[in-house]
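Read top to bottom, the protein sequences are chains A and B. Here the first sequence is numbered in this note's numbering, starting from 286 and rising by one per residue. Here the second sequence is numbered in this note's numbering, starting from 14 and rising by one per residue.
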Amino acid sequence: MQVRLEQLTKAFESRKNDKVIAVNKLDLTIESGKLIGLLGPSGCGKSTTLFMVAGIHDVTDGKIYFDDQDVTELSADKRGIGLVFQNYALYPHLSVWDNIAFPLLNSKDIKKRLKKQFAEQHSNYKNYKAYISKLVEDAAKLVEITAYLDRKPGELSGGQQQRVAIARAIVKSPSILLMDEPLSNLDARLRIQTRDEIKRIQQQTGITTIMVTHDQEEALAISDEVIVLKEGVLQQQGLPQDVYDNPANQFVAEFISRSQINMVRGKIAANKLYLGEEEWFPLPAPLMDQEVMIGLRYENIKPAMENMEHSFTASVTARTRIGGMSTVQVRLTDGQQITLHNNEEESLRESERLQFVVKPQTVLVFNQKGEKLLQC
Amino acid sequence: MSRLFRYLLLSLSAALILVPFYWMINTSLKTNAEILRIPPTLFPTEFRFQNFADAIVKAPILAYLFNTVVVALCVVTISTVVSVLAAFAFARLNFRGKPFLFIVILGTMMVPQEMLIITNFMTIANLGWMNTWQALIAPYCINAFNIYLLRQTFKQVPDELYLASKVDGVSNFCFLRKIMLPLSKSTIVTVMILSVVWIWDTYAWPSLVTTNDSMRLVSNGLQNAFTSDSGRIQYEIQMAASTLVILPLVFLFLMLKKNIISGMVKGGIKG
């Protein structure tokens, strides 16, 4: 199902009676069947957006459409969504089976729908109970927790608990699956495992899925599309690799790189780009003279042969090696420090003056407001 | 050293609780002559179990017990249902004037029972409820402290559980019955026990609204029944009756010990 947000706004009344705008005039379209990563630092309004789509938060202004239906005023249980919480929100006193079956057995609307479905295909099942069991077992099979159906949530690991939560959300066959930071309570190894699981489950079911996360790696790894928010305002929406390669502004560049990007002061003068004080290369298209910030990702800076095109001079000040990755600190001629990743151990020696080169299409130039001016 | 101190303190507090009990049972087994002996004996020289039979024969103590059990059952049922529903509303639902109403309910806890007793008595008398069951039951059906205690417990159930069931279209009442109540079981048992103990101990109100001996509760019965013809209180029989009255409470405690203790230890519910 397609999800469309139109000028969606949420204002919270704070204690001192001033308004805090958590989500600001958000316009978005999420195509049917996609897995979307809703990404941003904490407090950017991503969870608020998710809960508005879920119908848990009411909307201050704007509209939410599922396909062509306006659901803005519809209550949560009428929207046909599945919701997965950060802390799993499993019922601790019920077994895994009972947790998954809970919506099927206790919601009037779902019961009505299931009874109808059962009536249509009842020849396949012994009775209604067998039909419910089949649905629960199918969901359990999908998330691979069939072996634990009799256990209580407290007897499962975090990753297994999150699978149960996903099973409970999809057992009622929702048209949209919403996940609020589903991985952030898991340890690093489980997180990677579970995120691949989410990808697999989403692909198998084909349910339009929105996953909120503050971890860009998570979002880039499994999303079909990422949406970056900052202070309730949409920054960029696009394919993960595209957002990484062509960030819309300085915020997205820094956030998506997980701070593994150098922001170097520079300037544009007479249509030439200066890195620090050093003249670097001529611009492909004319731009006004101004101070700029130049974004250079660690992994894109390489040592160069003498006098290559797009090279600059710097001296190595420090080197640290963690596992297979060497991080090297170098100083530009005007004293600014930059960092780069380098794996060829021998090529860089300390306090040596060297030439470095960056592929021009990875050089990101931003103006003082953080807007992107240029990507060569 | 600190361990020794801890055990000393625990023994001392245990003694403070147990000595009156011991003295009650001790007295209940003595003969009338031994009770008057000075210094008093720490252990009956001769066990007189006849005291218990006398207590039952001399006063309608079994009838009093029956009355108390009936009142306690009604009060526990009604007040628990009322407390659970009110506490759920205060913990989870949003309605206009909720904070104000909650403060009003808490406010009634500040007013001592003794002050209400006269106005309550006038209400009951005007309704013509003297010597009736409802006079004994009605004033105990709403218990501000129980509402408060349950609300706090309900608030500890994570919001997400409620939201998850809302998204699934589960009704408030169904959520309360299937999720809230099982998760708050120990507090609910504690609340029920508190209600029973309250009824068992209550004295002033039932003696005010009942004049008829057949409507008396145990506490009044114990006070009035065991005075001899010469006006002297027959302690050994009174204590035997007290022991009989306490037994049901002790049984109740032993039966529900696990719940009461886990209710006190747990303090919170993990999500």
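Built from N, CA and C at the ideal position, the CB exists for glycine as well.
Would you say Tyr-413/A lies against chain D (beta-carbon separation less than 8 Å)?
Of the protein chains in this structure, namely A and B, none is chain D.
What does Ala-177/B reach in chain A if we use C-beta pairs closer than 8 Å?
Leu-368, Phe-370, Ala-374 and Arg-453
Using a Cβ cut-off of 8 Å (strictly closer), state whether Asp-214/B contacts chain A.
no
Give the straight-line distance between the Cα atoms of Leu-78/B and Val-94/B, rounded to the nearest whole angstrom.
Roughly 24 Å separates the two Cα atoms.
Hey, Leu-338/A and Leu-514/A: beta-carbon distance below 8 Å or not?
For clarity, residue 338/A is Val in the given sequence; the question names Leu instead. Cβ atoms of Val-338/A and Leu-514/A: not closer than 8 Å.
Just verifying my parser: in three-state terms, what is the DSSP assignment at Glu-358/A?
Glu-358/A falls in the coil class under three-state DSSP.
According to DSSP, Lys-557/A sits in a beta bridge with which residue or residues?
Ala-554/A and Pro-567/A
Candidates Ser-232/B, Leu-114/B and Met-193/B: which alpha carbon is nearest Val-210/B's?
Ser-232/B
At least three beta-carbon pairs within less than 8 Å, the stretch 339-346 of chain A to the stretch 317-326 of chain A:
no
Output the residue ranges of the alpha helix (DSSP H) runs that lie fully inside the stretch 370-404 of chain A and measure 4 residues or longer, sorted by chain position.
When DSSP assignments are scanned along the stretch 370-404 of chain A, the uninterrupted stretches of alpha helix (DSSP H) that are 4 or more residues long and fall wholly within it turn out to be 381-391.
Put Tyr-350/A into one of helix, strand or coil per three-state DSSP.
strand
Close-in-space but distant-in-sequence residues of the same chain around Asn-534/A (CB under 8 Å, 5 per side omitted):
Gln-520, Gln-521, Phe-651, Gly-655, Glu-656 and Lys-657
With distances taken from CA atoms, which of Ile-541/A, Asn-556/A and Asn-531/A is nearest Val-648/A?
Asn-531/A
Would you report the Cα separation of Gln-447/A and Ile-155/B, rounded to the nearest angstrom?
Computed Cα separation, rounded: 41 Å.
Measuring only the C-alpha atoms, how far is Asp-214/B from Ser-255/B?
12 Å
Taking Cβ positions only, does Gly-110/B come closer than 8 Å to chain A?
Contacts with chain A at 8 Å (Cβ-Cβ) do not include Gly-110/B.
Cβ neighbour criterion (16 or more within 10 Å) applied to Lys-393/A:
Exposed is the call here.
Beta-bridge partners of Leu-639/A, as assigned by DSSP:
Ala-599/A
Taking CB distances under 8 Å as the criterion, tell me whether Asn-391/A reaches chain B.
yes
Looking only at C-alpha atoms, which of Ile-430/A, Gly-517/A, Ser-418/A and Leu-568/A sits nearest to Pro-326/A?
Gly-517/A
Go ahead and label Met-252/B buried or exposed: buried means 16 or more other beta carbons lie within 10 angstroms of its beta carbon, across all protein chains shown.
Flag for Met-252/B reads buried.
Please decide whether Val-183/B counts as near chain A, where near means a Cβ-Cβ distance under 8 Å.
Yes - at least one Cβ of chain A is within 8 Å of the one on Val-183/B.
contact_flag[the stretch 369-380 of chain A, the stretch 397-407 of chain A] where n(CB pairs < 8 Å) is 3 or more
no
Does DSSP classify Thr-200/B as helix, strand or coil?
helix
May I ask you to verify whether the stretch 365-376 of chain A touches the stretch 453-471 of chain A, counting CB pairs closer than 8 Å and requiring at least 3?
Contact holds: three or more Cβ-Cβ distances are below 8 Å.
Determine, for Lys-310/A, whether the minimum Cβ-Cβ distance to residues of chain B falls below 8 Å.
For Lys-310/A, no Cβ of chain B is located within less than 8 Å of the residue's own Cβ.
Listed in chain order, which residues of the stretch 191-208 of chain B have Cβ atoms closer than 9 Å to some Cβ of chain A?
Flagged, chain order: Lys-191, Ile-192, Pro-195, Leu-196 and Lys-198.
For the alpha helix (DSSP H) holding Ser-96/B, just list the boundary residues, first then last.
74-105
Where do the N-terminal and C-terminal ends of the beta strand (DSSP E) with Asn-309/A fall, by residue?
304-315
Candidates Gly-234/B, Tyr-175/B, Trp-36/B and Arg-245/B, of which the one nearest Ala-76/B by Cα:
Gly-234/B
Distance cutoff 8 Å, beta carbons only. Does His-378/A sit that close to anything in chain B?
yes
Taking C-beta to C-beta, are Val-344/A and Leu-293/A nearer than 8 Å?
yes
By the 10 Å Cβ neighbour count, where 16 or more other Cβ atoms means buried, how is Pro-293/B classified, buried or exposed?
A query on residue 293/B cannot be resolved here, the shown segment of chain B reaching from 14 to 284 and no further.
Taking buried to mean at least 16 other C-beta atoms within 10 Å of its own C-beta, is Pro-525/A buried or exposed?
buried
Three-state class that DSSP yields for Asn-592/A in the structure shown:
coil
For Ala-374/A, which residues in the same chain have their Cβ closer than 8 Å to its Cβ, ignoring the five residues on either side in sequence?
Ala-450
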